[in-house]
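Trainee: I'd like to ask you about the structure that follows.
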Amino acid sequence: PMLTPLENITTRLDANGWEYEACEEEGCVTARFHTDSAQFRLQVVADERDGCFQVTTFFPSRVPAAHRVPVAVFCSYANFGLSLGRLEFNPDDGELRTTVEVPYERGNLPGKVIVDAIDCSTTLAELFHPAIMSIVYGGREPKAAYQAMHHGDDEAKAA
């Protein structure tokens, strides 16, 4: 029997040991995951109406108003050249999230696509979070935070 997109998602999450909540009315799954520095919320949606599979990882806290401009600049650096996924920032309320969207044919959402998109979104969140925190709580300039994220602190200080 063919699995619905939601069943396919939950099957993949079960196979990878994730704890989650399925929201059948909304056609989504939500879960939480931890890193060394934070706890994130994950939302996975497969909408057969538009053929879009989407994974969104929400950051644990909102950016305070006083730091939103530097974080917005960092987001520009972070998104430039990304081939898959994006870092989204709402300057009105400070919400940060990573999003990965993948088109798929109705009835054909491969399990590997599900796992890879989840891995991509969560990896981006893990990568960006410390850099953003260094801007918000450490006073680091956006470009320096970006450079440190990619090249390590020593090279970023020399730049």
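Using the numbering used here, the first residue of the sequence shown is number 286, and each one after it goes up by one. For each residue, glycine too, the CB sits at the ideal point set by N, CA and C.
1. Just tell me which of Thr384, Pro388, Gly392 has its CA closest to the CA of Ile403.
2. Check whether the stretch 387-400 and the stretch 286-299 are in contact - that is, three or more C-beta pairs closer than 8 angstroms.
3. Looking at the strands, I want to know which residues DSSP matches up with Asp377.
4. Per the contact definition of three or more C-beta pairs closer than 8 angstroms, is the stretch 355-362 in contact with the stretch 310-318?
5. Is it buried or exposed, Cys405, if we count other Cβ atoms within 10 angstroms and call 16 or more buried?
6. Check whether the stretch 321-330 touches the stretch 411-420, counting contact only when three or more Cβ pairs, one atom from each stretch, lie closer than 8 angstroms.
7. Ala444 by DSSP, collapsed to three states: which one?
8. Could you say which of Glu426, Met418, Ser419, Thr407 lies nearest to Gln285 if we only look at CA atoms?
9. Given this structure, state the Cα-to-Cα distance separating Ala443 from Glu333, to the nearest angstrom.
10. DSSP three-state label for Asp404, please.
11. Taking 6 angstroms as the limit between beta carbons, can you name the residues of its chain near Tyr305, skipping five residues before and five after?
12. Within 10 angstroms of the Cβ of Gly423, are there 16 or more other Cβ atoms? Answer buried if so, exposed if not.
13. How is Leu327 classed by DSSP in three states: helix, strand or coil?
14. Out of Leu394, Gly392, Pro388, Val348, state which residue places its alpha-carbon closest to the alpha-carbon of Arg382.
15. What number of angstroms, rounded off, separates the C-alpha of Asn375 from the C-alpha of Lys428?
Mentor: This is what the structure holds:
1. The sequence position of residue 403 within the sequence shown is 118, counting from 1. Comparing Cα positions, the closest option is Thr384.
2. yes
3. Walking along the sequence shown from the start, residue 377 turns up at place 92. Asp377 pairs with nothing; no bridge assigned.
4. The stretch 310-318 makes no contact with the stretch 355-362; the number of CB pairs closer than 8 angstroms stays below 3.
5. Numbered from 1 along the sequence shown, position 120 holds the residue referred to as residue 405. With 16 or more Cβ atoms within 10 Å of its Cβ, Cys405 is classed as buried.
6. yes
7. Counted from its first residue, the sequence shown places residue 444 at position 159. For Ala444, the predicted model reports a pLDDT of 45, less than 50, meaning its position is unreliable and no value from the coordinates is stated.
8. Residue 285 is absent from the structure shown; the chain starts at 286 and stops at 444.
9. The residue labelled residue 443 in the question sits at position 158 within the sequence shown. The residue labelled residue 333 in the question sits at position 48 within the sequence shown. Because the pLDDT at Ala443 is just 45, under 50, the model does not fix this residue reliably, and the point stays unresolved.
10. Walking along the sequence shown from the start, residue 404 turns up at place 119. Note: Asp404 maps to helix in three-state DSSP.
11. Working through the sequence shown from its first residue, we reach residue 305 at position 20. Same-chain partners within the cutoff: Leu298, Val314, Ala316.
12. On the sequence shown, residue 423 is found 138 positions in, with the first residue counted as 1. Under this definition Gly423 is an exposed residue.
13. Translated into the one-based positions of the sequence shown, residue 327 becomes position 42. Here Leu327 sits in strand by DSSP.
14. As a working note, residue 382 is residue 97 in the sequence shown. The residue with the shortest Cα to Cα distance from Arg382 is Val348.
15. Against the sequence shown, residue 375 aligns to sequence position 90. Against the sequence shown, residue 428 aligns to sequence position 143. Straight-line Cα distance between these residues: approximately 19 angstroms.
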